[in-house]
């Protein structure tokens, strides 16, 4: 796959009718640099949507609907050939992005396998058989005699799981049970002498296992190529894009307060108590307590306050009031005021800096004496329980939040916290501290309006 800055070859209109790729090799096509990044971001929206749906415990039928909507919204283009090309390009770009660490490989492998599983189900029976053939699976359908010998058992299994009645036209495959561990654990197959009897409508488990195995090996090889050659060769072109994509924030821009306008300095304490997410509440409390924050904390909280609508003059007054108690006003003006103005685009390159997203905050690594980062990731269980308790979280919700934390679903833990505190659902999930603030203000204003 060659990346170019402007030209892109037109794909062959006689592309195969099969729409689901096995991604065995990178496509030999030219891709505009813009498409290289945009296609990857669109696919990332799909994978993150799947991750969120699975983590929130959506039912299989809900997941199928979700995946279909995510694919249609983010990946489908006007022509099928264009959609297929975008599919393959975006997969291989994200392979580069997520091959670089073990955790990234693990996440990408799980989400791509889940996507493949659902897309396989959407394929026609003929297309499913073609895909099985591409994997060269060493399984043959049961002969009529073999089928008759176990027919009664297959009927019992079908009834127990609510599947259609098994008839003489049914197609079953006899496979080693360890190759369909998911079906075995869910008791969806008949087991006999170390073999599982898999119905045609369940072969997705067989195919997905093969797909996962191939992709797992490919990710390791891609990592070697990235480390040994690609990263250095593309250091001025692709490498910055690849390294940024894994922490890309895909939601709205919160660099400027839009919905609620300016926030008054006199209201900041009340807003912190009612509408700040735990990460910002913790920084705010530490600032009030210690009258100082290290650089990481100043950036995280300062840009957040900018995003919620604290104008520059009030921001300078706010930080000066706190820091002067520790370092004095003169030192604040000399050493800290510049960076505050810089965040608002009033110094240096005059860049309008954007508040940190959840992904950026979660991926940070605070050191000793730092208070920035994500509390759900960086707090001990005891400290996290205490902090959540102060926010009003308790009982079953506390256990649910801690369960999400143990499974490293930090943003979902924050989402559950939001839902508990506000007694309101947040189906989109929390992806940005400023989104938390904005959604909180919406809920509170709606409640105040309904009671007035």
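In full-length UniProt numbering, the protein residues as written are 1 to 452. Here a beta-carbon is modelled for each residue, glycine too, at the ideal position from N, C-alpha and C. Only a predicted model underlies this, so the values are computations on that prediction, with no experimental measurement involved.
- Kindly give me the distance between the Cβ atoms of residue 339 and residue 332, rounded to whole angstroms, as I take these residues to be in contact under 8 Å. Translated into positions along the chain shown, residue 339 becomes position 339. Translated into positions along the chain shown, residue 332 becomes position 332. Not confirmed; about 11 Å, so no contact.
- Please report the Cβ distance between residue 361 and residue 279, rounded to the nearest whole angstrom; I am assuming they are in contact, meaning their Cβ atoms lie under 8 Å. What you label residue 361 is simply residue 361 of the chain shown in a count that begins at 1. What you label residue 279 is simply residue 279 of the chain shown in a count that begins at 1. Going by Cβ atoms, the distance from residue 361 to residue 279 rounds to 6 Å, so yes, they are a contact pair.
- Query: Nearest to residue 226 by alpha carbon, out of 99, 58 and 78?
  - Reply: The residue you call residue 226 lines up with position 226 of the chain shown. Cα-wise, what sits closest to residue 226 is 99.
- Would you decide whether residue 204 is buried or exposed? Buried here means 16 or more other CB atoms lie within 10 Å of its CB. As a first step, residue 204 must be located in the chain shown, where it is residue number 204. Buried is the call here.
- Query: Leaving out the 5 sequence neighbours to the left and right, which residues in its chain are closer than 6 Å to residue 239 when beta-carbon positions are compared?
  - Reply: Your numbering for residue 239 matches position 239 in the chain shown. Within the same chain, residue 239 has close Cβ partners 231.
- Looking only at C-alpha atoms, which of 207, 159, 79 and 436 sits nearest to residue 182? As a first step, residue 182 is located in the chain shown; it is residue number 182 there, counting from the start. Residue 207 is the option with its Cα nearest to residue 182.
- Query: Should residue 351 be labelled buried (16 or more other beta-carbon atoms within 10 Å of its own) or exposed?
  - Reply: Indexing the chain shown from 1 puts residue 351 at position 351. Residue 351 comes out exposed.
- Message: Between which residues of its own chain and residue 305 is the CB-CB distance below 7 Å, once the five residues before and five after are set aside?
- Response: As a first step, residue 305 is located in the chain shown; it is residue number 305 there, counting from the start. So the list reads 315, once near-sequence residues are dropped.
- Is residue 5 helix, strand or coil when you go by DSSP? By 1-based counting over the chain shown, the position of residue 5 is 5. Low confidence applies here, because residue 5 scores a pLDDT of 41, under 50, leaving its location unreliable; read the following figure in that light. If DSSP states are grouped into helix, strand and coil, residue 5 belongs with coil.
- Is DSSP giving residue 459 helix, strand or coil here? The requested residue 459 is not part of the displayed model; the chain covers only 1 to 452.
- In the DSSP assignment, find the unbroken beta strand (DSSP E) run with residue 203 in it and report its ends. The residue you call residue 203 lines up with position 203 of the chain shown. Unbroken run through residue 203: none, as it is neither H nor E.
- From the DSSP output, read off the bridge partner residues of residue 197. Numbered from 1 along the chain shown, position 197 holds the residue referred to as residue 197. Partner(s): 174 and 190.
- Query: Taking only runs of the alpha helix (DSSP H) that begin and end inside the region 101-150, which ones reach a length of at least 4 residues, in chain order?
  - Reply: 102-122 and 125-134
- Message: Please give the ranges of any beta strand (DSSP E) in the region 19-66, keeping only runs that are unbroken, at least 3 residues long and fully inside the region.
- Response: 30-32
- Query: Which class does residue 88 belong to by DSSP, given the choice of helix, strand or coil?
  - Reply: Sequence index remark: in the chain shown, residue 88 carries index 88 (1-based). Residue state, collapsed to three classes: helix.
- Taking residue 421 as part of the alpha helix (DSSP H), name the residues at either end of that continuous run. Locating residue 421 in the chain shown gives position 421, where the first residue counts as 1. Segment 410-422, the alpha helix (DSSP H) holding residue 421.
- Message: Taking the beta carbon of residue 359 as the centre, do at least 16 other beta carbons fall within 10 Å, making it buried, or is it exposed?
- Response: The residue labelled residue 359 in the question sits at position 359 within the chain shown. It counts as buried.
- Query: Which residue's Cα is closest to the Cα of residue 220: 276, 63, 95 and 29?
  - Reply: Taking the chain shown and counting its residues from 1, the one referred to as residue 220 is at position 220. Comparing Cα positions, the closest option is 95.
- Starting from the C-beta of residue 366, find all residues in its chain whose C-beta is less than 7 Å away, skip the five residues before and the five after it, and write them out in chain order. To locate residue 366, count along the chain shown from 1; it is residue 366. Contacts found: 296, 372, 373 and 378.
- Give the straight-line distance between the Cα atoms of residue 79 and residue 407, rounded to the nearest whole angstrom. Position 79 of the chain shown holds residue 79. Position 407 of the chain shown holds residue 407. Cα-Cα distance, rounded: 40 Å.
- C-alpha distance - residue 20 paired with residue 243, whole-angstrom precision: Within the chain shown, the letter at position 20 stands for residue 20. Within the chain shown, the letter at position 243 stands for residue 243. Distance between the alpha carbons of residue 20 and residue 243 is about 28 Å.
- Indicate the three-state DSSP secondary structure (helix, strand or coil) for residue 368 in the structure shown. In the chain shown, residue 368 corresponds to position 368, counting from 1. Looking at residue 368 - three-state DSSP - the assignment turns out to be coil, as it is neither helix nor strand.
- Message: Buried or exposed for residue 164, going by 16 or more other Cβ atoms inside 10 Å?
- Response: Locating residue 164 in the chain shown gives position 164, counting from the first residue. Exposed, since its Cβ has fewer than 16 Cβ neighbours within 10 Å.
- Message: Just to confirm the assignment: which complete alpha helix (DSSP H) runs, minimum length 4, are found wholly within the region 287-339?
- Response: 295-308, 312-323 and 329-335
- Item | 8 Å CB neighbourhood of residue 434 in its chain, flanking five on each side removed | Mapped onto the chain shown, residue 434 falls at position 434. Hits under 8 Å: 254, 304, 307, 308 and 355.
- Report the rounded CA-to-CA distance for residue 55 versus residue 42, giving the unit in angstroms. One-based indexing of the chain shown puts residue 55 at position 55. One-based indexing of the chain shown puts residue 42 at position 42. Cα to Cα, the separation comes out at about 20 Å.
- Between the C-alpha atoms of residue 138 and residue 102, what's the straight-line distance to the nearest angstrom? The residue you call residue 138 lines up with position 138 of the chain shown. The residue you call residue 102 lines up with position 102 of the chain shown. Their backbone Cα atoms lie some 31 Å apart in a straight line.
- Message: Quick test of your reading: residue 402 and residue 381, contact by CB under 8 Å. State the CB separation rounded to the nearest angstrom.
- Response: On the chain shown, residue 402 is found 402 positions in, with the first residue counted as 1. On the chain shown, residue 381 is found 381 positions in, with the first residue counted as 1. Right, their Cβ atoms sit about 7 Å apart.
- Message: With a threshold of 8 Å, are at least 3 pairs of Cβ atoms found where one atom belongs to the region 111-122 and the other to the region 133-153?
- Response: no
- Message: Rounded to whole angstroms, what is the Cα-Cα separation between residue 27 and residue 48?
- Response: Indexing the chain shown from 1 puts residue 27 at position 27. Indexing the chain shown from 1 puts residue 48 at position 48. Distance between the alpha carbons of residue 27 and residue 48 is about 24 Å.
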